[in-house]
Amino acid sequence: MKEVVVIGAGPAGLATIKSLSEYKDELNITAYEISDRIGGVWVNRDPYKHTATFDSLRANNTKEMLGHPDFPLPSDIQESFIPRSMVLDYLENFASHFQLKQFIKFRHTVLNVDILSSVNGVEKWNVMVRNEETGAVTNKKCDAVLVATGHETEMHIPEVDGMKTFTGEIIHTRYFQDSTYYVGKTIVLVGAGFSGLDIFTEIHTVAKKIYLSHHDERIKAPLPENSEYVPDVARLDGDDIIFTDGRVVQADIILLATGYRYDFPFLSENCRPVVKDDHVTNIYRMMVDIEHPSLYYIGLNKLGLPFREFSMQADLATAFITERIPAVSKEEMQKEYEERYKKYVTDPGLRPKDFHIVCLTQFEYADTIMEQSGRQKPGRVVSEKIYRRVMGNALKNFLKFKKSIYRLVDEENFEVVYEDPVYSEP
């Protein structure tokens, strides 16, 4: 039997274990999780690791397209944008339904992953782990490693001239839990991705003033009276925050919704990928290490339908590991990576980090992955339709889009149960 190691038991890790477990007669599966529970980022206030969620967070995707394709959320849930706690309950049910916890070693930290040997291009791996309950360090030899640790651990703190001189507070949104600390404060909120907009929605009713600093031309939704858009921060000088248009304001707090960096501290230098400008380089199908094709990354992509994508990527990795589909040569993999980078980054003039931002390209990607793995997933057509509508609504008015309610009609269609009237306006 092949020995396979999965790192992480959050949503990506659970999807990976589920796909691998379908071949448990051929694979000996061991998953390591630093916490004492499953759920990853959806576990708030985890006593064993810091996660990037807060108490009242709601999912950015509707329940109709949030769940794993093989295990949809219950249809009797009335709301579409469900709270964090309900997502966590869903993951618990998912793990129980497919009996996944039997493969997970909780309270185990992966210290090091390294190449043990390489014969005719086939690598064996050594995974060093520490049992956090006993302190014992052991080594696990295996044939494949699947990294499913997410990408919301290492904070991205932008370098701003004069940052050390700022007399107020600079806080990353990773530490946000609720709006209490921000009552009556003047805040410069830097970043208008989902984390920034979610937190804006939480604090705008209690803050004295919010300056929403971003450079995304698509985000033009009307703001409350105590808030306004401003461009990027150019520099800081004591009390002053100077923006790129020359405007100067003062604030109590600069709240950084600037995201996270890819980080793989447990991978040795022999196999750690080169991350350049927050772009994980040289990966085939956005998940297979080209130089080390038995090393897989499940869930690198951003701004897509993550649970669906985890499931599809895990199926493809499983198909390779079990040799149900032929291996791909390094030359072919390199060609695919270079063509994808050219198509989605170089040609449209985007940044290297945008390679992983899939948005509307995710559906073409999903079709490719499913065709190659030979595993088609239900809900492909209707999930794209709902996703496009939700993203359009979020850009039009991000304060109200999570109040919408949708209902699936069939595999290709959905109906709107409720949307705020603002979305009917021209």
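The opening residue of the sequence shown carries number 5 in this note's numbering; numbering runs sequentially from there.
Even for Gly, the Cβ is constructed at its ideal location relative to N, Cα and C.
- Message: Looking at P235: is its Cβ nearer than 8 Å to the Cβ of D249?
- Response: yes
- Message: Restricting to Cα atoms, I'd like to know which of E37, R88, E68 is closest to A56.
- Response: R88
- The alpha helix (DSSP H) enclosing I207, as first and last residue numbers: 198-207
- Inspect the CB distances between the segment 304-320 and the segment 372-387 and report whether three or more fall short of 8 Å. yes
- Query: N64 to F405, Cα distance in whole Å?
  - Reply: 9 Å
- Query: Pick from E221, R251, A148: whose alpha carbon is nearest that of V192?
  - Reply: R251
- How big is the Cα-Cα spacing for Y427 and A398? 10 Å
- Query: Mapping DSSP to helix, strand and coil, what is A56?
  - Reply: coil
- Query: Going along the chain, which unbroken runs of the alpha helix (DSSP H) with 4 or more residues stay wholly within the segment 358-429?
  - Reply: 366-377, 384-400
- Between which two residues does the alpha helix (DSSP H) containing I21 stretch? 15-25
- Looking at C-alpha atoms only, which residue of N130, I81, K128 is the closest neighbour of K67? I81
- Message: Any contact between the segment 16-32 and the segment 314-331? By contact I mean 3 or more CB pairs, one from each, below 8 Å.
- Response: yes
- Query: Do A196 and H160 come within 8 Å of each other at the CB atom, strictly closer than that value?
  - Reply: no
- Message: In the DSSP assignment, the alpha helix (DSSP H) including S247 goes from what residue to what residue?
- Response: Here residue 247 is Phe; the residue named in the question, Ser, does not match the sequence. Note, F247: premise wrong, no alpha helix (DSSP H); beta strand (DSSP E) at 244-247.
- Would you tell me roughly how many angstroms separate the C-alpha atoms of E232 and L403, rounded to the nearest one? 14 Å
- Task: Could you check which residue in I361, F98, H72, E127 has the C-alpha nearest to that of I294?
- Result: E127
- Item | Rounded straight-line distance, which links the Cα of H208 to that of D220 | 20 Å
- For D50, which of helix, strand or coil comes out of DSSP? coil
- Message: Excluding the 5 residues flanking E423 on each side, which residues of the same chain have their C-beta closer than 6 Å to its C-beta?
- Response: S408
- With distances taken Cα to Cα, identify the nearest neighbour of F170 among Y36, F204, V253, P356. V253
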